[in-house]
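A.B. asks: Have a look at this one before I ask anything.
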Amino acid sequence: MTVAYLSLGSNLGDKLSELQQAVELLNADPQIEVTKVSDVYQTAPVGGVKQDDFYNLAAQIHTTLSAGLLLNVIHQIEQQLHRVRKIHWGPRTLDIDIITFGTEQIDTETLQIPHPEMNNRRFVLEPMMQIYDGDVSKLAAANAKIEGQEIEGIGSLIKL
């Protein structure tokens with residue numbers, strides 16, 4: 129069983145509903161158990177594309193899947209919730225990223241773990257610090273170095 133941390137975000141449609149459905153679909157997979165979910169955070173978009181604010185959260189999962197198979201499940205869930213990949217860093221109904229996967233380090237064309245941008249994204253670090261099992265000092269130090277990137281906690285809104 130591997131412990132992994134995921135980052136989920138949405139800025140199109142009913143953002144809260146998209147996140148709730150994503151957590152439910154992850155948990156419905158027999159090889160995935162969602163064990164913790166952070167509060168939901170409202171965050172300004174990163175990347176320069178003009179768009180609505182995001183709702184973001186972090187989830188801790190336990191899984192028997194490999195990282196590659198987990199990525200496949202994630203892509204299926206994104207498609208099921210009508211994710212369309214048109215603009216890099218553009219608006220989306222749902223975005224799910226694998227941030228860490230146990231202690232594995234992976235660097236392929238389709239998957240990089242730990243996520244290469246995690247230490248540059250407050251919308252990843254803030255929620256992850258809330259649920260991380262372990263020393264959060266490195267996450268907190270990286271978060272403290274980030275300038276800008278407005279983020280506001282809006283509460284514990286996702287049900288497990």
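Going by my numbering, the sequence shown opens with residue 129, and the numbers climb by one from there.
Idealized CB from N, CA, C, for every residue including glycine.
Just to confirm, are serine 138 and tyrosine 169 a CB contact at a threshold of 8 Å?
C.D. replies: Going by C-beta atoms, serine 138 is not nearer than 8 Å to tyrosine 169.
A.B. asks: Is there contact between the region 257-269 and the region 152-171, where contact requires at least three CB pairs shorter than 8 Å?
C.D. replies: With the cut-off at 8 Å, the region 257-269 and the region 152-171 touch.
A.B. asks: Could you tell me the distance, in whole angstroms, from the CA atom of glutamine 204 to the CA atom of leucine 140?
C.D. replies: If I take the Cα positions, the gap works out to 18 Å.
A.B. asks: Are three or more beta carbon pairs between the region 129-136 and the region 219-236 nearer than 8 Å?
C.D. replies: Yes, they touch.
A.B. asks: At least one CB of chain C closer than 8 Å to the CB of lysine 273: is that the case?
C.D. replies: Structure shown: chain C not included; a single protein chain is present.
A.B. asks: Bridge partners of glycine 281, per DSSP?
C.D. replies: In the DSSP output, where bridge partners are listed per residue, glycine 281 has Tyr169.
A.B. asks: So, for threonine 192: in the same chain, excluding its five sequence neighbours on each side, which residues have a beta-carbon less than 8 Å away from its beta-carbon?
C.D. replies: Within the same chain, threonine 192 has close Cβ partners Met129, Thr130 and Gln159.
A.B. asks: Taking the DSSP output, what are the residues bridged to glutamine 188?
C.D. replies: In the DSSP output, where bridge partners are listed per residue, glutamine 188 has Tyr133 and Lys164.
A.B. asks: Between which two residues does the alpha helix (DSSP H) carrying isoleucine 227 extend?
C.D. replies: Where isoleucine 227 is concerned, there is no enclosing alpha helix (DSSP H), although the beta strand (DSSP E) it sits in stretches over 223-229.
A.B. asks: Output the distance between the C-alpha atoms of isoleucine 189 and arginine 250, rounded to the nearest integer angstrom.
C.D. replies: If you take the alpha carbons of isoleucine 189 and arginine 250, they lie about 20 Å apart.
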